[in-house]
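Engineer: Be aware that the sequence shown starts at 883, since it is given in my numbering, and climbs by one per residue. One structure, as structure tokens, below. Some questions next.
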Amino acid sequence: MKEYNIAILPGDGIGSEVMTEAKKVLDKISIKYDTKFNYNHGIVGGAAIDSIGEPLPDKTLKICENADAILFGSIGGPKWDDLPKGKDPVWGALLPLRKHFEFFANLRPAICFKSLANASPIKSEIIGDGFDFLVVRELTGGIYFGEKKLEETSAYDIMKYTKSEIIRIAKVAFEAAMKRNKHVTCVDKSNVLSSSVLFRKFVIEVSKDYPDVKLDFLYIDNATMQIIKRPRDFDVFVTTNMFGDILSDESGMIAGSIGMLPSASINEKGFGMYEPSGGSAPDIAGMGIANPIAQILSAAMMLKYSFGMNDASNDIENAVQTVLEKGYRTGDIMEVGKTKVNTKEIGDLISEEI
Ligand code: NAD
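Structure, rendered in structure tokens:
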């Protein structure tokens, strides 16, 4: 029997509620595919601050280092967001985790199932049979990690990229495109920013190794418009850290709900951390109404990208689609004529389909 160690880091807010449902689904997969998943739980973020006074305890880091993959919930909330930078959940745990494991690539699929077309703010004639594109975001460089300074009356943040950083993220995007519809759109701001000129230059260089993949370009401001106007025209976007942050949230919105969107952060060894694209949703935490689909689909991505369990991963995606087609909806994607269910109920329905 195959065995995998999974570091389970539910985090804060809705994290533990949606993680319970993802584990429920993984338990079904474990039986169906005769595979053992060992769950090793770690505290992180606000929960860890409250418990031992730091957002990323050594013990949690060790659990992650000894795992085959990390399944992460989400962290943060009003209680901790005003702590000094580095002592707070995001700067003190999420970004250090990404840096520690050199998760330089963030993969965020934006899928609008046909059955959820009404939950999207985009007109149904634009959505058609639905859309499915992937935002490949550079995650460890750029403006979020560049030199920064905040003074009384002035401030700056440096956006720097190097050739090697660009080449490795471009390769991830082209490899993904080879498995999809062979189309990469490079998103930058090369009409204004030097870092974008370099980004575009080395994306073009990498594209020469992928003659079957069509490459085109959009400036970030135009990209935010084109995604809304013609989402079905895109396959894989490759972009920098900050522009990817913006594009993936916009994609979340047009896909119906941020509660539907998984993401994967991967390093050069293929080790990955899988988490919902959204945050800890403090406004609905503890109410049992969060949409667990992003967490469940994050587990599906983990099976595909870290464990090579493509069939199992597809089973989960199909189960999600079937449950939606049968008309079940959590509050965030609810529409007239559908059956409203809570976090646990939709988790049960999805695992029953498997
Ligand atoms: P958010 O994604 O938590 O919430 C935005 C809106 O989307 C809220 O109305 C929320 O209820 C809704 N939403 C999010 N996920 C949902 C789900 N699964 N089901 C139903 N509705 C859902 O973003 P925010 O409010 O900007 O941030 C809240 C906290 O999360 C902050 O502390 C922020 O720092 C943190 N955060 C953490 C991560 C992470 O852990 N990766 C990412 C983003 C934000």
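We put the CB at the ideal spot given by N, CA and C, even for glycine. This one's a predicted model, so the numbers in the text were calculated from it and none came from an experiment.
Do the region 999-1009 and the region 1021-1035 meet, that is, are 3 or more Cβ pairs less than 8 angstroms apart?
Structural biologist: no
Engineer: Who are the Cβ neighbours of Lys-906 in its own chain at under 6 angstroms, not counting the five residues just before and after it?
Structural biologist: The residue given as residue 906 occupies position 24 in the sequence shown. Excluding sequence neighbours, Lys-906 sits near Gly-1229, Ser-1233.
Engineer: Could you please give the first and the last residue of the uninterrupted beta strand (DSSP E) stretch that includes Asn-920?
Structural biologist: Position 38 of the sequence shown holds residue 920. Its beta strand (DSSP E) spans residues 917-923.
Engineer: Is DSSP giving Met-1124 helix, strand or coil here?
Structural biologist: Here residue 1124 refers to the residue found at position 242 of the sequence shown. DSSP places Met-1124 in helix when its eight states are reduced to three.
Engineer: Less than 8 angstroms between the C-beta atoms of Asp-1136 and Ile-1110, yes or no?
Structural biologist: The count along the sequence shown starts at 1 and reaches residue 1136 at position 254. The count along the sequence shown starts at 1 and reaches residue 1110 at position 228. For clarity, residue 1136 is Ile in the given sequence; the question names Asp instead. Yes, the Cβ-Cβ distance between Ile-1136 and Ile-1110 is below 8 angstroms.
Engineer: Within the continuous beta strand (DSSP E) that includes Lys-1090, where are the two ends?
Structural biologist: In the sequence shown, residue 1090 corresponds to position 208, counting from 1. Looking at the DSSP string, Lys-1090 is not in any beta strand (DSSP E), and its letter there is neither H nor E.
Engineer: Excluding five sequence neighbours on each side, which residues of the same chain lie with their C-beta closer than 8 angstroms to the C-beta of Thr-1204?
Structural biologist: Counting from 1 along the sequence shown, the entry for residue 1204 is found at position 322. Glu-1235.
Engineer: State the DSSP-derived secondary structure class of Ile-890, mapped to helix, strand or coil.
Structural biologist: Position 8 of the sequence shown, counted from the first residue, corresponds to residue 890. Strand, per DSSP.
Engineer: Report the CB separation of Ala-1181 from Ile-1198 in whole angstroms; it is logged as a contact under 8 angstroms.
Structural biologist: What you label residue 1181 is simply residue 299 of the sequence shown in a count that begins at 1. What you label residue 1198 is simply residue 316 of the sequence shown in a count that begins at 1. Ala-1181 to Ile-1198, Cβ: 7 angstroms. Contact.
Engineer: Can you tell me whether Thr-1221 is buried or exposed? The criterion is at least 16 other CB atoms within 10 Å of its CB, across all chains shown.
Structural biologist: Position 339 of the sequence shown, counted from the start, is the residue given in the question as residue 1221. Thr-1221 comes out exposed.
Engineer: Using CA coordinates, which residue listed in Thr-1212, Glu-1029, Ile-1051, Pro-892 is at the minimum distance from Thr-1225?
Structural biologist: Walking along the sequence shown from the start, residue 1225 turns up at place 343. Checking every option, the nearest Cα to that of Thr-1225 belongs to Thr-1212.
Engineer: According to DSSP, what are the bridge partners of Thr-1221?
Structural biologist: As a working mapping, residue 1221 is identified with position 339 in the sequence shown. Tyr-1210, per the DSSP bridge assignment.
Engineer: For the alpha helix (DSSP H) containing Pro-978, name the first residue and the last one.
Structural biologist: Translated into positions along the sequence shown, residue 978 becomes position 96. It spans 977-982 - the alpha helix (DSSP H) in which Pro-978 sits, taken as one unbroken run.
Engineer: Along the chain, where does the beta strand (DSSP E) containing Arg-1019 start, and where does it finish?
Structural biologist: Residue numbering aside, residue 1019 sits at position 137 when the sequence shown is read from its first letter. From DSSP, the beta strand (DSSP E) with Arg-1019 extends over 1013-1020.
Engineer: With DSSP run on the structure shown, which of helix, strand or coil describes Asn-988?
Structural biologist: In the sequence shown, counting from the first residue as 1, residue 988 sits at position 106. Looking at Asn-988 - three-state DSSP - the assignment turns out to be strand.
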